[in-house]
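Visitor:
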Amino acid sequence: MNSISKPLLQWFDQFGRHSLPWQATYSSPRGGQSKPANIYHIWLSEIMLQQTQVSTVIDYFNNFIQYFPTLKSLAKAEEDAVLAQWAGLGYYARARNLHKTAQIITEKHQGRFPKEFEQVLDLPGIGRSTAGAILALSFNQNHAILDGNVKRVLARVHQVKGHYSQAETLNKLWQLAEFHTPNNRTNHYTQAIMDLGATLCKRSKPECERCPIQQGCQAYQNNTQGKYPNPKPKKNKPTRSIAMLVYRNTLGEIYLEKRPEKGIWGSLWSFKECTDDRQTIEQVVKKFSPDTRIERYLAPIKHSFTHYHLNIRPVLVTCSTNVKKFYSIANLKVGVPAPVKNIIAQLD
Ligand code: SF4
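Residue numbers (numbering that gives the first Met the number 0): 0 to 347.
So this is what it looks like as structure tokens:
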């Protein structure tokens, strides 16, 4: 297996991105004017880029360093002031972690960003790929990275099966990332593979005809670019089953109770619930009042939440009890969940 680093670095020298604002201070490729890296800028950009595209990050980055030109100024700032400059970029935990990290570095590392991989990894909001990128881009240290762009490129180059949410696939991708990362010019290779993923090996319609590594790319050779990376497997959601007891009095009104604030359908009004088995249903019904009678079972309803499916078996129960919580169906003024509305619609 040949490393993709050589053709990628050649391409990077000509077509890579060399004038991103956070790059202004790191050495330009092949003999260009070399200036020391500003790790504060690189760290900040890497955090901003974790969930956001370069085109959006540029303005936020420029604005942020105007307000907080140094790590020290960031550490001293109020959290609200940091969040205000982050507003609109989303994923605000990133800003809180950035602020926390600046304070940790000030207190524990004498204000200097650590150069040891393990120490960087220990900082809030910095995972293996971000730590590798910061150290590779700032100090040319030999660490692999595996951000979203790199995962996509490597999954296609090697037709890696599975999704990166699966440990086996992720391990395989890390092994490949380490294999391809060269000892020399790690900083430029790191930028090059991110640039390739962002500009040519895009999620849809990759521009393979212009790609410098097409010779070694299995997906290109087999015309399978659309299959890789494999999509995330759909999880089978668990199913829960409950019975909803629809108490109806002689006036045709129904009994509803307010749900707790937390949990599904928080603070809405719903029917009494119990486990969906005949014995439990009969016991609960008897407890409600002595004059209850199970009239019939209504058509079951299936409702889906993000994490599970809910099978609801509505049971119509007649009773003559007239307590305050019976509601007239015609004048129902309380909020009810969709399945409850559905059950009410089944009542004659
Ligand atoms: S040849 Fe196409 S699929 Fe392969 S790495 Fe290049 S752009 Fe991506």
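No residue lacks a Cβ here, since even glycine has one placed at the ideal position from N, Cα and C. Since the structure is predicted, the reported quantities are computational estimates derived from the model, not experimental observations.
Have a look at Y163 and Q102 and give me their C-alpha separation to the nearest angstrom.
Guide: Locating residue 163 in the sequence shown gives position 164, counting from the first residue. Locating residue 102 in the sequence shown gives position 103, counting from the first residue. Looking at the two C-alpha atoms, the distance is approximately 33 Å.
Visitor: Mind checking M243: buried by the 16 CB within 10 Å criterion, or exposed?
Guide: The residue you call residue 243 lines up with position 244 of the sequence shown. Answer is buried; the Cβ neighbour count reaches 16.
Visitor: Going by C-alpha distance, which of L88, S18, Y66, P35 is nearest Q52?
Guide: In the sequence shown, residue 52 corresponds to position 53, counting from 1. Out of L88, S18, Y66, P35, L88 has the C-alpha closest to the C-alpha of Q52.
Visitor: In three-state terms, what does DSSP make of R258?
Guide: Position 259 of the sequence shown, counted from the start, is the residue given in the question as residue 258. Coil, per DSSP.
Visitor: Any idea if I133 is buried or exposed, counting beta-carbon neighbours within 10 angstroms, 16 or more meaning buried?
Guide: To locate residue 133, count along the sequence shown from 1; it is residue 134. Buried, since its Cβ has 16 or more Cβ neighbours within 10 Å.
Visitor: Say yes only if the C-beta of R202 is nearer than 8 Å to one or more non-hydrogen atoms of the ligand SF4, and no if none qualify.
Guide: On the sequence shown, position 203 is the one that residue 202 refers to. No, the Cβ of R202 stays beyond 8 Å of every heavy atom of the ligand SF4.
Visitor: Could you check whether the Cβ of R16 sits closer than 9 Å to any Cβ belonging to chain D?
Guide: Among the protein chains of the structure shown there is no chain D, as only one such chain exists.
Visitor: Among N1, K99, Q9, which one has its Cα closest to the Cα of L43?
Guide: What you label residue 43 is simply residue 44 of the sequence shown in a count that begins at 1. Out of N1, K99, Q9, K99 has the C-alpha closest to the C-alpha of L43.
Visitor: Cβ atoms of H179 and D12: under 9 Å apart, would you say?
Guide: The count along the sequence shown starts at 1 and reaches residue 12 at position 13. The count along the sequence shown starts at 1 and reaches residue 179 at position 180. Not in contact: D12 and H179 (Cβ atoms no closer than 9 Å).
Visitor: With DSSP as the reference, label W268 as helix, strand or coil.
Guide: In the sequence shown, residue 268 corresponds to position 269, counting from 1. If DSSP states are grouped into helix, strand and coil, W268 belongs with the strands.
Visitor: Less than 8 Å separating the Cβ of L199 from some heavy atom of the ligand SF4?
Guide: Taking the sequence shown and counting its residues from 1, one reaches residue 199 at position 200. At least one heavy atom of the ligand SF4 is nearer than 8 Å to the Cβ of L199, so yes.
Visitor: Please report the residue range of the alpha helix (DSSP H) in which K286 lies.
Guide: Taking the sequence shown and counting its residues from 1, one reaches residue 286 at position 287. Its alpha helix (DSSP H) spans residues 277–287.
Visitor: Taking the DSSP output, what are the residues bridged to P348?
Guide: Within the shown structure, residues of the chain are numbered from 0 to 347, placing residue 348 beyond reach of any answer.
Visitor: Pick from S18, T238, A218: whose alpha carbon is nearest that of S303?
Guide: Within the sequence shown, residue 303 is the residue found at index 304, counting from 1. Relative to the Cα of S303, the nearest Cα in the group S18, T238, A218 belongs to T238.
Visitor: Out of T279, L255, E281, point me to the one whose CA is closest to I328's CA.
Guide: Taking the sequence shown and counting its residues from 1, the one referred to as residue 328 is at position 329. Looking at the Cα atoms, L255 is the closest of the given residues.
Visitor: Within 10 angstroms of the Cβ of V333, are there 16 or more other Cβ atoms? Answer buried if so, exposed if not.
Guide: The sequence position of residue 333 within the sequence shown is 334, counting from 1. By the neighbour-count rule (16 or more Cβ atoms within 10 Å), V333 is not buried but exposed.
Visitor: CB of A176 to nearest heavy atom of the ligand SF4: below 8 Å?
Guide: As a working note, residue 176 is residue 177 in the sequence shown. Answer for A176: no, Cβ out of range of the ligand SF4.
Visitor: Alpha carbon to alpha carbon, how far is Y326 from I311? Give it in angstroms, no decimals.
Guide: The count along the sequence shown starts at 1 and reaches residue 311 at position 312. The count along the sequence shown starts at 1 and reaches residue 326 at position 327. So the alpha carbons of these two residues sit roughly 21 Å apart.
Visitor: Heavy atom of the ligand SF4 less than 8 Å from the Cβ of E77, yes or no?
Guide: To locate residue 77, count along the sequence shown from 1; it is residue 78. No, Cβ of E77 sits at least 8 Å from all heavy atoms of the ligand SF4.
Visitor: Output the boundary residues of the alpha helix (DSSP H) element that contains S128.
Guide: The sequence position of residue 128 within the sequence shown is 129, counting from 1. Looking at the DSSP string, the run of the alpha helix (DSSP H) that includes S128 is 127–138.
Visitor: Under the three-state reduction of DSSP, which class applies to C273: helix, strand or coil?
Guide: Residue mapping note: residue 273 aligns to position 274 of the sequence shown, counting from 1. Three-state result, C273: strand.
Visitor: E177 and A143 look like a contact to me (Cβ under 8 Å); what is the Cβ gap, rounded to whole Å?
Guide: Mapped onto the sequence shown, residue 177 falls at position 178. Mapped onto the sequence shown, residue 143 falls at position 144. Right, their Cβ atoms sit about 4 Å apart.
Visitor: Identify the continuous beta strand (DSSP E) that holds R295 and give its terminal residues.
Guide: Counting from 1 along the sequence shown, the entry for residue 295 is found at position 296. From DSSP, the beta strand (DSSP E) with R295 extends over 292–296.
Visitor: Check whether the Cβ atoms of N96 and G124 lie closer than 9 Å to each other.
Guide: Residue mapping note: residue 96 aligns to position 97 of the sequence shown, counting from 1. Residue mapping note: residue 124 aligns to position 125 of the sequence shown, counting from 1. Going by C-beta atoms, N96 is nearer than 9 Å to G124.
Visitor: Could you check if A191 belongs to the surroundings of the ligand SF4, using beta carbon to heavy atom distance under 8 Å?
Guide: Here residue 191 refers to the residue found at position 192 of the sequence shown. False, no ligand heavy atom lies under 8 Å from that Cβ.
Visitor: Suppose only complete runs of 4+ residues qualify. What are the alpha helix (DSSP H) ranges in the segment 146–172, listed by chain order?
Guide: 147–156
Visitor: For a test of the three-state rule: what should DSSP assign to T189, helix, strand or coil?
Guide: The residue labelled residue 189 in the question sits at position 190 within the sequence shown. In the structure shown, T189 sits in a helix (DSSP, three-state: H, G or I).
Visitor: Report the residue ranges of all alpha helix (DSSP H) runs contained in full by the segment 48–120; include only those spanning at least 4 residues, in chain order.
Guide: 53–66, 70–75, 78–85, 92–107, 116–120
Visitor: Looking at C-alpha atoms only, which residue of T305, E167, A197, E272 is the closest neighbour of N235?
Guide: Taking the first residue of the sequence shown as position 1, residue 235 is located at position 236. The residue with the shortest Cα to Cα distance from N235 is T305.
Visitor: Taking 8 Å as the cut-off, is the CB of A218 close to at least one heavy atom of the ligand SF4?
Guide: Walking along the sequence shown from the start, residue 218 turns up at place 219. Yes, Cβ of A218 sits closer than 8 Å to a heavy atom of the ligand SF4.
Visitor: Just reading off the alpha helix (DSSP H) that I144 is part of, what are its end residues?
Guide: For the purposes of this step, residue 144 is identified with residue 145 of the sequence shown, where counting begins at 1. From DSSP, I144 is part of no alpha helix (DSSP H); its letter is neither H nor E.
Visitor: DSSP three-state label for S303, please.
Guide: Residue mapping note: residue 303 aligns to position 304 of the sequence shown, counting from 1. The answer is strand: DSSP assigns S303 an E or B state.
Visitor: Counting only runs that start and end within the segment 203–242, where is the alpha helix (DSSP H) found for 4 or more residues in a row?
Guide: 217–220
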